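This report refers to the structure that appears directly beneath it.
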Ligand code: IPM
Ligand code: MG
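Numbering (my numbering), first residue to last: 103 to 457.
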């Protein structure tokens, strides 16, 4: 039986991961595959318990697991620590790097029921269906960094090897082939040398994918185009930092960041987490939206376990519950039926039972 390591982490992570586990168990009930869930510590919770954001036991369990489901890490309590020890760098970035999870997939799809939840005009966002493929273990995040004196200065080096670029861009082409055949590579080749290498390699790989319509866009323009005419995009492939920024921006095209799941992959091995953070301000109140985590569970079934049918069952159950007018507070408009975190999880389980 495949093992899934659940790392709830901090803040609302502790409330949303149980809902995703509940939904995964429900969708697999009576089917050929079942999953064995194990639990571990990461982030602030791990610092408090064992003094380290990524304990050795967690890393070992993650290496042994078939997939990882993560809630979120971080909170004001740990912000006083040196940056490298904090939940974000010492926990999340470390596990991504240690497991070489270089491919971060963040799909953004506007659900017809949520068109009004977006701050953008309905006609702009109504058909949004795109995927951002973000390089996750290179670039500015992991290049050499440091401080100097005389004058006091700080630096972060943006470095990519050919191999790092090649593997993520290849995946972008493969995804584009499976979708509508459009790939937009986002870079800053007018300024950055690393982007010029990125573009050269992308152009070279394109020769192997004649059916893919490849475009290149500078990242500043891409940010503008995403809000101007988001429907022009299908698959976007980009480096780590640009992807971090563009995925927060793109999440709003789907109504709420509370709905954007993510998969961080190295082949079949994957870490699945919502794209949002630990939201300490609303933690412990049973009001957090569990849908991004539940949808991350669907991505786990799809990418780590090849259970496409079951993945779609979860995605359809989420659509069905939203269509019935149920919302967590982050999405609610006057007249909507507001559900808490647990109640939303239960509603998804019930909807699965109806299909
Ligand atoms: C994300 C987050 C992380 C990142 C932070 C928490 C380090 O913003 O997953 O997008 O920058 O990658
Ligand atoms: Mg981010």
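Using N, Cα and C, we set each Cβ at its ideal position, and we do this for glycine too.
These numbers were taken from a predicted model, which means no experiment stands behind them.
If I measure Cβ to Cβ from residue 433 and keep anything under 6 angstroms in the same chain, skipping five residues before and after, which residues do I get? Along the chain shown, read from residue 1 onward, the residue named residue 433 stands at position 331. Hits under 6 angstroms: 219 and 358.
Inset, instruction - For the alpha helix (DSSP H) holding residue 376, just list the boundary residues, first then last. - result: Along the chain shown, one-based indexing puts residue 376 at 274. No alpha helix (DSSP H) contains residue 376, which is instead part of the beta strand (DSSP E) from 371-376.
Decide if residue 290 is buried, meaning its Cβ has at least 16 other Cβ atoms within 10 Å, or exposed. If you number the chain shown from 1, residue 290 lands on position 188. Taking all protein chains in view, the Cβ of residue 290 is crowded by 16 or more other Cβ atoms within 10 Å, so the residue is classified as buried.
Is the beta carbon of residue 395 sitting closer than 9 angstroms to the one on residue 237?
Against the chain shown, residue 395 aligns to sequence position 293. Against the chain shown, residue 237 aligns to sequence position 135. It is not a contact, given that the beta carbons lie outside the stated cut-off.
- For residue 157, the three-state DSSP class (helix, strand or coil): Position 55 of the chain shown, counted from the start, is the residue given in the question as residue 157. Residue 157 falls in the coil class under three-state DSSP.
Look at the Cβ atom of residue 225, then the Cβ atom of residue 447, and state whether they are nearer than 9 angstroms. Here residue 225 refers to the residue found at position 123 of the chain shown. Here residue 447 refers to the residue found at position 345 of the chain shown. Going by C-beta atoms, residue 225 is not nearer than 9 angstroms to residue 447.
Q: Please report how far the alpha carbon of residue 378 lies from the alpha carbon of residue 174, in whole angstroms.
A: The residue given as residue 378 occupies position 276 in the chain shown. The residue given as residue 174 occupies position 72 in the chain shown. Cα to Cα, the separation comes out at about 7 angstroms.
*asked:* Beta-carbon within less than 6 angstroms of residue 194's beta-carbon, same chain only, minus the 5 sequence neighbours each way: which residues are those?
replied: On the chain shown, position 92 is the one that residue 194 refers to. Cβ neighbours of residue 194 beyond the five flanking positions: 175.
Task: Whole-Å CB distance - residue 113 paired with residue 153, under 8 angstroms assumed - done: For this step, residue 113 is matched to residue 11 along the chain shown. For this step, residue 153 is matched to residue 51 along the chain shown. About 20 angstroms separates the two Cβ atoms, so there is no contact after all.
### Query
Hey, is residue 350 close to the ligand MG, as in C-beta under 8 angstroms from one of its heavy atoms?
Within the chain shown, numbered from 1, the residue matching residue 350 stands at position 248. Yes, the Cβ of residue 350 comes within 8 angstroms of a heavy atom of the ligand MG.
Given residue 337 as reference, the closest of 435, 181 and 230 once Cα atoms are compared
To locate residue 337, count along the chain shown from 1; it is residue 235. It is 230 whose Cα lies nearest to the Cα of residue 337.
Between the beta-carbon of residue 390 and the beta-carbon of residue 400, is there less than 9 angstroms? Within the chain shown, numbered from 1, the residue matching residue 390 stands at position 288. Within the chain shown, numbered from 1, the residue matching residue 400 stands at position 298. No, the pair does not count as a contact, with Cβ atoms beyond the cut-off.
Practice task
Answer yes or no: the CB of residue 377 versus the heavy atoms of the ligand MG, is any distance below 8 angstroms?
Solution key: Mapped onto the chain shown, residue 377 falls at position 275. It does: the Cβ of residue 377 is within 8 angstroms (strictly closer) of some heavy atom of the ligand MG.
Quick one: is residue 252 buried, meaning 16 or more other Cβ sit within 10 Å of its Cβ, or exposed? For this step, residue 252 is matched to residue 150 along the chain shown. It is exposed - the Cβ of residue 252 has fewer than 16 other Cβ atoms within 10 Å.
* What are the boundary residues of the alpha helix (DSSP H) that includes residue 405? -> Along the chain shown, read from residue 1 onward, the residue named residue 405 stands at position 303. From DSSP, the alpha helix (DSSP H) with residue 405 extends over 393-405.
Is residue 443 buried or exposed, if buried means 16 or more other CB atoms sit within 10 Å of its CB? Within the chain shown, residue 443 is the residue found at index 341, counting from 1. That one is buried.
- Message: Considering only heavy atoms of the ligand MG, does any lie closer than 8 angstroms to the CB of residue 346?
- Response: Along the chain shown, read from residue 1 onward, the residue named residue 346 stands at position 244. Yes, the Cβ of residue 346 comes within 8 angstroms of a heavy atom of the ligand MG.
Query raised in the report: Near residue 126, which residues of its chain fall below 7 angstroms by C-beta distance, leaving aside the five closest residues on each side in sequence?
Result: Locating residue 126 in the chain shown gives position 24, counting from the first residue. Taken in chain order, the residues that qualify are 137 and 399.
Legend entry - Beta-carbon contacts of residue 179 that lie in its chain and below 7 angstroms, excluding the five residues immediately before and after: Here residue 179 refers to the residue found at position 77 when the chain shown is read from its first residue. Excluding sequence neighbours, residue 179 sits near 146.
Out of 160, 356 and 139, which has the shortest C-alpha to C-alpha gap to residue 148? Sequence index remark: in the chain shown, residue 148 carries index 46 (1-based). Here the closest residue by C-alpha is 160.
Notebook entry, point to check: Assuming residue 424 contacts residue 215 under a Cβ cut-off of 8 angstroms, what Cβ separation, rounded to an integer in Å, is found between them?
Noted result: On the chain shown, residue 424 is found 322 positions in, with the first residue counted as 1. On the chain shown, residue 215 is found 113 positions in, with the first residue counted as 1. Sure, about 5 angstroms apart at Cβ, within 8 angstroms.
- Closest to residue 292 by CA distance: which of 319, 283, 172 and 305 is it? If you number the chain shown from 1, residue 292 lands on position 190. Of the listed residues, the one whose Cα sits closest to residue 292 is 319.
Any non-hydrogen atom of the ligand HEM within 8 angstroms of residue 360 CB: Of the ligands this structure carries, namely the ligand IPM and the ligand MG, none is the ligand HEM.
| field | Straight-line gap, residue 108 to residue 197 (C-alpha atoms, nearest Å) | value | Here residue 108 corresponds to residue number 6 of the chain shown, with the count starting at 1. Here residue 197 corresponds to residue number 95 of the chain shown, with the count starting at 1. Rounded to whole angstroms, residue 108 to residue 197 spans 13 angstroms at the Cα level.
message = Looking at the ligand IPM, does it come within less than 8 angstroms of residue 195, judged from the CB to the closest heavy atom?
response = Mapped onto the chain shown, residue 195 falls at position 93. Because some heavy atom of the ligand IPM lies under 8 angstroms away, the Cβ of residue 195 counts as near it: yes.
Exercise. Can you tell me which of 369, 387 and 124 puts its alpha carbon nearest to the alpha carbon of residue 430?
Key: Indexing the chain shown from 1 puts residue 430 at position 328. For the residues 369, 387 and 124, the minimum Cα distance to residue 430 belongs to 387.
ask   = Of the choices 329, 405 and 355, whose alpha-carbon is the least far from that of residue 365?
value = Numbered from 1 along the chain shown, position 263 holds the residue referred to as residue 365. Answer by Cα proximity: 405.
- Query: Mind checking residue 259: buried by the 16 CB within 10 Å criterion, or exposed?
  - Reply: Residue 259 sits at position 157 when you count from the first residue of the chain shown. Burial call: exposed.
**Item:** C-beta contact flag for residue 287 and residue 262 at 9 angstroms
**Value:** Position 185 of the chain shown, counted from the first residue, corresponds to residue 287. Position 160 of the chain shown, counted from the first residue, corresponds to residue 262. Taking 9 angstroms as the Cβ cut-off, residue 287 and residue 262 do not qualify as a contacting pair.
Checklist line | Range of the contiguous alpha helix (DSSP H) that encloses residue 218 | finding: Against the chain shown, residue 218 aligns to sequence position 116. No alpha helix (DSSP H) holds residue 218; DSSP gives it neither H nor E.
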